[in-house]
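Since the structure comes first, as structure tokens, the remarks are kept for the end.
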DNA sequence: GGCCATACCTAGGAATTCTAGGCATGGCAG
DNA sequence: CTGCCATGCCTAGAATTCCTAGGTATGGCC
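Residue numbers (the UniProt record's numbering), protein chains in the order written: chain A, 1 to 107; chain G, 1 to 107.
Below, the structure is given as structure tokens:
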């Protein structure tokens with residue numbers, strides 16, 4: 001809804017947001033929304049399945065906590081997750097610079 | 001194949017490439033490949049349906065030509081296409097800057 | 001004559017995200 | 001003390017988008 005362009009970048013967004021420290025799903029969505037100045041508003045139905053996928057691939061780990069009577073599943077980057085983030089961030093930069101070259105060449 | 005990140009950006013790539021002047025499908029794929037330094041390698045099965053979609057939305061127009069015994073369908077940006085390109089390019093810049101904010105905030 | 005580059009096309013698959021729903025707790029306003 | 005909203009988690013299936021895989025046809029080169 002925010003942007004179809006999120007396709008292919010969701011994992012990177014989550015990994016990058018988690019690089020700032022452990023967080024739970026609901027919090028991650030808010031964090032990404034704030035950091036992007038409201039540009040990326042991720043629905044919960046988007047965030048949770050994506051987190052499950054990242055965990056099943058070993059890029060993040062989770063643990064349950066109870067805070068104020070509410071259960072939370074807190075996620076944390078694994079070593080492989082940090083590597084994946086670095087790789088995907090590099091991919092993103094290459095992609096963005098390709099886009100800018102194609103866009104700029106039109107003048 | 002080049003990048004899943006192309007999702008959502010294909011139309012803009014084609015519109016931007018066409019902004020340099022009329023071109024046919026095969027040529028556009030090559031043009032985008034070159035301008036992006038090999039970053040975006042679009043399959044024909046990607047390019048042609050996308051062009052048909054752009055035409056059906058009135059963003060480009062086409063005309064058949066025969067050059068050297070080979071038929072070509074040459075596409076050209078319409079006025080609405082130029083507007084769409086400007087809008088989508090602006091969207092892209094907002095998106096990219098959102099990405100960079102989220103990525104950069106992790107340090 | 002065979003092969004490759006050029007040039008177009010489409011149907012269906014694959015991958016990804018979103019919609020729409022569901023469940024549960026705590027706190028606050030009324 | 002009762003709604004109601006924010007917090008917090010989840011899933012199934014729809015929707016969207018691009019790619020795979022296949023097909024057709026011409027011209028030029030060896």
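Positions of the beta carbon are idealized from the N, C-alpha and C atoms, including for glycine. Every value quoted in this text rests on a predicted model; they were computed, and no experiment measured them.
Residues of chain G whose Cβ lies closer than 7 Å to the Cβ of residue 53 of chain A do not exist, since the nearest Cβ in that chain is about 14 Å away. Under the DSSP definition of a beta bridge, residue 77 of chain G partners with G:60. Not flagged as an interface residue toward chain G: residue 60 of chain A, since no C-beta distance is shorter than 7 Å.
A straight-line Cα-Cα distance of about 35 Å links residue 52 of chain A and residue 101 of chain A.
Annotation: residue 82 of chain A has no Cβ neighbours in chain G at a cutoff of 8 Å; minimum Cβ distance is about 10 Å. If you compare the alpha carbons of A:25, A:44, A:29 and A:70 with that of residue 61 of chain A, the shortest gap goes to A:25. Residue contact check for residue 102 of chain G against chain A: a CB pair falls below 7 Å.
Sequence-distant partners of residue 50 of chain G (beyond 5 residues in either direction) whose C-beta falls short of 7 Å from its own C-beta, in its chain, are 10, 11 and 14. Residue 92 of chain G sits buried, since 16 or more C-beta atoms from the chains shown fall within 10 Å of its C-beta.
The three-state secondary structure of residue 84 of chain A, taken from DSSP, is helix.
Ranked by how close their Cα comes to the Cα of residue 45 of chain A, the residues A:29, A:36 and A:57 have A:29 in first place.
At a beta-carbon threshold of 8 Å, the residues of chain G lying near residue 94 of chain A are 39, ordered along the chain. What residue 13 of chain A touches in chain G, judged by beta-carbon distance under 7 Å, is 102, going in chain order. At least 7 Å separates the beta-carbon of residue 17 of chain A from that of residue 6 of chain A.
Nearest in C-alpha terms to residue 47 of chain A, of all of A:27, A:103 and A:59, is A:27. Ranked by Cα distance from residue 95 of chain A, the first of G:21, G:22, G:104 and G:37 is G:37.
The three-state reading of DSSP puts residue 102 of chain A in helix, counting H, G and I together.
Secondary structure at residue 67 of chain A: strand, using DSSP grouped into helix, strand and coil. In the DSSP annotation of this structure, residue 43 of chain A is not part of any alpha helix (DSSP H), being labelled neither H nor E.
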